[in-house]
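Asks:
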Amino acid sequence: MIYDVFVAPFADMIEAPDFLMQVLWEGLVSGILYALIALGFVLIYRSSRIFNFAQGIMVVFAALTLVGLHAAGLPAWIAVAATLVVMFVLAVTVERVVLRPLVGQPDIILFMATIGITLFLIGFGEIIFGGENKVMITEELGIPTGDFVFEPFGGLLILQQLDVTVVIVAALLVCALLAFLNFTRMGRAIRALGDDHQAALSVGISLQTIWVLVWFIAGIIALVTGIAWGARAGVSFALEVIAYKALPVLMLGGLESITGAIVGGLMIGVLEKVFEIYWGQPLLGGNTETWFAFVLALIVLLFRPQGLFGERIIERV
Amino acid sequence: MKRLTTLAAAAALLATGAVAQELYAPNLAYRTGPFAATGIPLMNGQADYFTLLNERDGGIGGVKINFDECETGYSTEQGVECYEKTKARAIVTQPWSTGITLQVLPKTNVDEIPILAPGYGFSPMADGRVFQWAFNIPSSYWDGASMILNYIEQEDGDLEGKKVAFLHLDHPFGKEPLPFMEAKAEEKGFELLPIPVGLKEMQNQSAQWLQIRRERPDYVVMWGWGAMNAGAITEAVKTRYPMENFYGVWWASHDADLNLVGEDGAGYKAISWSYPNLEAPLIADLKEHVIDAGLSQTNEEEMQGVFYNRGLVISMILAEGIRAAQEEFGEAEITPTQLRWGLENLEITDARLEELGMTGMVPPFSTSCADHTGHSGGWMLEWDGEQFQKVSDHLMPETEVISALEKQAAQEYADSNAPWPVNEECNVGG
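Read top to bottom, the protein sequences are chains A and B.
Read left to right, the first sequence gives residues 5 to 321 (our numbering).
Read left to right, the second sequence gives residues 282 to 711 (our numbering).
(1) Going by C-alpha to C-alpha distance, which of B:E525, B:V682 and B:A565 sits closest to D665 of chain B?
(2) Just confirm the distance between the C-beta atoms of P557 of chain B and Q578 of chain B, as a whole number of angstroms; I'd bet it's less than 8 angstroms.
(3) Indicate whether the contact test is met: 3 or more Cβ pairs, each with one atom in the stretch 353–364 of chain B and one in the stretch 597–615 of chain B, closer than 8 angstroms.
(4) List, in order along the chain, the chain A residues whose C-beta lies closer than 7 angstroms to that of I476 of chain B?
(5) Since R104 of chain A contacts Q212 of chain A with CB under 8 angstroms, what's their CB separation in whole angstroms?
(6) Looking at the unbroken alpha helix (DSSP H) that takes in M62 of chain A, where does it start and where does it end?
(7) According to DSSP, is K444 of chain B part of a helix, a strand, or is it coil?
(8) Does the beta-carbon distance from P617 of chain B to I394 of chain B come in below 8 angstroms?
(9) By DSSP, does A15 of chain A sit in helix, in strand, or in coil?
(10) Using C-beta distances below 8 angstroms, list every residue in its chain close to A574 of chain B, excluding the 5 sequence neighbours before and after it, in chain order.
(11) Kindly list, in the order they appear in chain B, the residues whose Cβ is closer than 8 angstroms to that of V245 of chain A.
(12) Counting along the chain, where does the alpha helix (DSSP H) carrying F220 of chain A start and finish?
(13) Hey, which unbroken runs of the beta strand (DSSP E) at 3 residues or more fall wholly within the stretch 641–686 of chain B?
(14) Answer with yes or no whether the minimum CB distance from Q285 of chain A to chain B is below 8 angstroms.
(15) Can you tell me the Cα-Cα spacing of W283 of chain A and V9 of chain A, whole angstroms?
(16) Quick check on DSSP: helix, strand or coil for Q607 of chain B?
(17) Quick one: grab the DSSP three-state call for E362 of chain B.
(18) Among residues of its own chain, excluding the 5 on either side of I281 of chain A, which ones have a beta-carbon nearer than 7 angstroms to its beta-carbon?
(19) Since I believe N137 of chain A is in contact with V33 of chain A (beta carbons under 8 angstroms), could you give me their beta-carbon distance rounded to a whole number of angstroms?
(20) Could you confirm whether any beta carbon from chain A is found closer than 8 angstroms to the beta carbon of L450 of chain B?
(21) Assuming V228 of chain A and L47 of chain A are in contact, meaning their beta carbons sit under 8 angstroms apart, how far apart are those beta carbons, in whole angstroms?
(22) For I225 of chain A versus L37 of chain A, is the C-beta spacing smaller than 8 angstroms?
(23) What whole-angstrom Cβ distance do N717 of chain B and Q413 of chain B have, given they're in contact under 8 angstroms?
(24) Work out the CA separation of F471 of chain B and E601 of chain B for me, nearest whole Å.
(25) Against chain B, with Cβ distances strictly below 8 angstroms, would T229 of chain A count as a contact?
(26) Should A301 of chain A go down as buried or exposed, given a rule of 16 or more other Cβ atoms within 10 Å for buried?
(27) Please classify A292 of chain B: is it buried, with 16 or more other beta-carbons within 10 angstroms of its beta-carbon, or exposed?
(28) Rounded to whole angstroms, how far is the Cβ of N305 of chain B from the Cβ of I381 of chain B, which I believe are closer than 8 angstroms?
(29) Between the alpha carbons of A511 of chain B and L539 of chain B, how many angstroms are there, rounded?
(30) Which chain A residues sit within Cβ distance under 7 angstroms of D538 of chain B?
(31) From the DSSP secondary-structure annotation, give me the bridge partner or partners of T374 of chain B.
(32) Does any CB atom of chain B fall closer than 8 angstroms to the CB of G238 of chain A?
(33) If you run the structure through DSSP and keep just helix, strand and coil, what is W81 of chain A?
(34) Note down the Cα distance separating A247 of chain A from F316 of chain B, rounded to an integer number of angstroms.
(35) At the level of alpha carbons, what is the spacing between V93 of chain A and F241 of chain A?
(36) Can you list, in chain order, the residues of its chain whose CB lies under 6 angstroms from that of K443 of chain B, leaving out five sequence neighbours each side?
This is the structure in structure tokens:
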């Protein structure tokens, strides 16, 4: 038993380094996608203290809109632009119809409102696009679908060009977001709202504008995530469940930390894959990815209740 | 004023006893949620068949069928709610998930409503002596696993010393054939490698396929459902697993899942107890009475697929059960108990299929009091890059072996759920 837990997995890694590289790569790809979804949650939480339950369905809705508009005759990239317009309209609508009337209400009310948005988008999406599985317009968007094959250590390492593209685009999107948040006026306004609502409002930052902006950014993230996941296994309402993978990322990284979302996503992506392959499958019958991330996050919370990068809240009575 | 007029009209109808005759046959459907993509074509096929009977023939035996849907989203909890909501008027319940089936199974003994679970549910439900109210016509999961293993042996030789990966949804449905697969692994001397896929991992099965790459199984047998199938097939292509060694159950034979990979999926096979026959007279009638009349939710592409046509077959099974009961008892408005008799006395021969305009859409089969499955056998379908093609003759499961296992498992179920009512009047083997 001790050998199986402490020796055999590492012996396997050394024995087949090409396979280990493949595992790490697959973990990295999953991790960056988890990080992207988590970023959508974090941005909205930072600026409004709302835990956006609708992030998962926004991924589905964005991907369905893109595929639907292309099926309606729009060229691929025009369909992307049109989808962004739709996500902007959605952001404005959410702010006007749902959030604005609820300003000042307890957090739980706003959270419940996002559950309402989720249910609405599920119904609305099914009425407009139907529930069938659809093929993502990967080739039409110019995303390469072949693979790169390497033979490190005399073994085999296959990198899907789609995955490579996803990693690059996601990394660029994260960098652009960080630059936007740190070096632009609007970005600093979002951060200011996250730091102190009252102080931000007192210096003239418009809550309504910021909320529309963060929901729109979450929409952009949803579209990129939807394209990436949709290209792997089709576009259907099943995509919604991948948003739940972001929950342990948020627990691990901290709900209000952008760095936490990125680091947490990558950590969970890589560690859950490595654990599943070298410990989960041989010793526990597999499918440990379902719970591993939550257990990891719980362990972190035992020592750092605010997550790895979250803000420590001290309340004096 | 308008409301008063409506009330008066309703009162007049009640007073004269002129209430429209109908048989209420609810379907616990799932057109929403993660499994909607596979549910929709099946539900459309089911609904269209009854719409056709209502429109063309005025129902069955002069009574219309109220084929109502209660949405479950494939959630067991919602499914049980749907069952409770519909059971008062229902002559049958169609739970559409192994999880829901297992939950309502004990309830139907009390409520006395037949469960119709074509091609799904708990395989030992075949033993009608123990599961008096449950029917998994025309093939059980153990039948499916048996046919796949037999076909592999028939094509590639003995399984002894081979490794078979069993990729399955980590859900009652996915685990259902495991006891049979384990028994066969022991008997035939192959290594069985169960690989579960969690509901949240259906779209991202890289870990499972890394395991397949590492273990290099000779064959992969998939018990997949919903988004899991598309996820597995894309990962198989990505991992370069030889498609000709990749087999699926009948719920993994959805054209839309394979369309995602197109040519790259060529060679993938799935066992099936149904097959589309687009030249069948039934299809022409559907076009005339249902599709062209705007009474269907389907489309031209979906109509040609395996799942839509399977939906038609499923409703045919129920319709034939109703017809048999009406003829036996001489009543148009049959009771659930009478329908149970009908489902226990199905005789779906080639001649009957021809009369129904469904030649070649399902193998012939018959049921009895003791055999609630029928064990019709099926065909192996292969994806050619564009559609599924039939690549085998009529395959049959090892009925004797399976029946013995079913009886044993059914008895174990009855013992562990004692007191469980058993129909002693059933002549086992009869």
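Just so you know, even glycine gets a beta-carbon here, dropped at the ideal spot from N, CA and C.
Replies: So, from the data block:
(1) Along the second sequence, read from residue 1 onward, the residue named residue 665 of chain B stands at position 384. Out of B:E525, B:V682 and B:A565, B:E525 has the C-alpha closest to the C-alpha of D665 of chain B.
(2) The residue given as residue 557 of chain B occupies position 276 in the second sequence. The residue given as residue 578 of chain B occupies position 297 in the second sequence. Not quite, the Cβ-Cβ distance comes to about 18 angstroms (not below 8 angstroms), so this is no contact.
(3) Taking 8 angstroms as the limit for Cβ pairs, the verdict is that the stretch 597–615 of chain B does not touch the stretch 353–364 of chain B.
(4) Counted from its first residue, the second sequence places residue 476 of chain B at position 195. In chain order: G290.
(5) The residue you call residue 104 of chain A lines up with position 100 of the first sequence. The residue you call residue 212 of chain A lines up with position 208 of the first sequence. So it is a contact: roughly 7 angstroms between Cβ atoms.
(6) By one-based count along the first sequence, residue 62 of chain A stands at place 58. Segment Q59 to A75, the alpha helix (DSSP H) holding M62 of chain A.
(7) Start at 1 with the first residue of the second sequence, and residue 444 of chain B comes out as number 163. Strand, per DSSP.
(8) In the second sequence, the residue the question calls residue 617 of chain B occupies position 336. In the second sequence, the residue the question calls residue 394 of chain B occupies position 113. It is a contact, given that the beta carbons lie within the stated cut-off.
(9) Translated into the one-based positions of the first sequence, residue 15 of chain A becomes position 11. Note: A15 of chain A maps to helix in three-state DSSP.
(10) Stepping through the second sequence from its first residue, residue 574 of chain B is reached at position 293. If we look at A574 of chain B and ignore the five residues flanking it on each side, its Cβ neighbours are E336.
(11) For the purposes of this step, residue 245 of chain A is identified with residue 241 of the first sequence, where counting begins at 1. Within 8 angstroms Cβ-Cβ: P315, L480, K481, M483 and Q484.
(12) Here the question's residue 220 of chain A lines up with position 216 in the first sequence. Residues L211 to A237.
(13) Runs of the beta strand (DSSP E) inside the stretch 641–686 of chain B: 660–664 and 669–671.
(14) Indexing the first sequence from 1 puts residue 285 of chain A at position 281. Yes, Q285 of chain A counts as interfacial toward chain B.
(15) Reading the first sequence from its first residue, position 279 is the one you call residue 283 of chain A. Reading the first sequence from its first residue, position 5 is the one you call residue 9 of chain A. Rounded to the nearest angstrom, the two C-alpha atoms are 7 angstroms apart.
(16) Walking along the second sequence from the start, residue 607 of chain B turns up at place 326. Residue state, collapsed to three classes: helix.
(17) On the second sequence, position 81 is the one that residue 362 of chain B refers to. E362 of chain B falls in the helix class under three-state DSSP.
(18) Counting from 1 along the first sequence, the entry for residue 281 of chain A is found at position 277. Same-chain partners within the cutoff: V27.
(19) By one-based count along the first sequence, residue 33 of chain A stands at place 29. By one-based count along the first sequence, residue 137 of chain A stands at place 133. Rounded, the Cβ-Cβ distance is 21 angstroms, inconsistent with contact.
(20) By 1-based counting over the second sequence, the position of residue 450 of chain B is 169. So no, L450 of chain B is outside the interface.
(21) Numbered from its first residue, the first sequence carries residue 228 of chain A at position 224. Numbered from its first residue, the first sequence carries residue 47 of chain A at position 43. That belief does not hold up - the Cβ atoms of V228 of chain A and L47 of chain A are roughly 14 angstroms apart, past 8 angstroms.
(22) Counting from 1 along the first sequence, the entry for residue 225 of chain A is found at position 221. Counting from 1 along the first sequence, the entry for residue 37 of chain A is found at position 33. It is not a contact, given that the beta carbons lie outside the stated cut-off.
(23) Because chain B is modelled from 282 through 711, residue 717 of chain B falls outside the range shown and cannot be assessed.
(24) Here residue 601 of chain B refers to the residue found at position 320 of the second sequence. Here residue 471 of chain B refers to the residue found at position 190 of the second sequence. Rounded to the nearest angstrom, the two C-alpha atoms are 41 angstroms apart.
(25) Within the first sequence, numbered from 1, the residue matching residue 229 of chain A stands at position 225. No, its Cβ sits nowhere closer than 8 angstroms to a Cβ of chain B.
(26) On the first sequence, residue 301 of chain A is found 297 positions in, with the first residue counted as 1. Burial call: buried.
(27) Locating residue 292 of chain B in the second sequence gives position 11, counting from the first residue. Model confidence at A292 of chain B stands at a pLDDT of 47, short of 50, so the residue's coordinates are unreliable and nothing is read from them.
(28) Here the question's residue 305 of chain B lines up with position 24 in the second sequence. Here the question's residue 381 of chain B lines up with position 100 in the second sequence. Sequence check: residue 305 of chain B is Tyr here, not Asn. Contact flag wrong, Cβ pair sits at about 18 angstroms.
(29) Your numbering for residue 511 of chain B matches position 230 in the second sequence. Your numbering for residue 539 of chain B matches position 258 in the second sequence. Taking the straight line from one Cα to the other gives about 7 angstroms.
(30) Taking the second sequence and counting its residues from 1, the one referred to as residue 538 of chain B is at position 257. Under the 7 angstroms cutoff, chain A gives N137.
(31) Taking the second sequence and counting its residues from 1, the one referred to as residue 374 of chain B is at position 93. Bridge partners of T374 of chain B: B:I396.
(32) Position 234 of the first sequence holds residue 238 of chain A. With 8 angstroms as the cut-off, G238 of chain A counts as an interface residue toward chain B.
(33) Mapped onto the first sequence, residue 81 of chain A falls at position 77. If DSSP states are grouped into helix, strand and coil, W81 of chain A belongs with the helices.
(34) The residue given as residue 247 of chain A occupies position 243 in the first sequence. The residue given as residue 316 of chain B occupies position 35 in the second sequence. Spanning the two alpha carbons is a distance of roughly 16 angstroms.
(35) Taking the first residue of the first sequence as position 1, residue 93 of chain A is located at position 89. Taking the first residue of the first sequence as position 1, residue 241 of chain A is located at position 237. Approximately 21 angstroms between the Cα atoms of the pair.
(36) Here residue 443 of chain B is taken as the residue at index 162 of the second sequence, counted from 1. Closer than 6 angstroms at Cβ, skipping near neighbours: F471 and D499.
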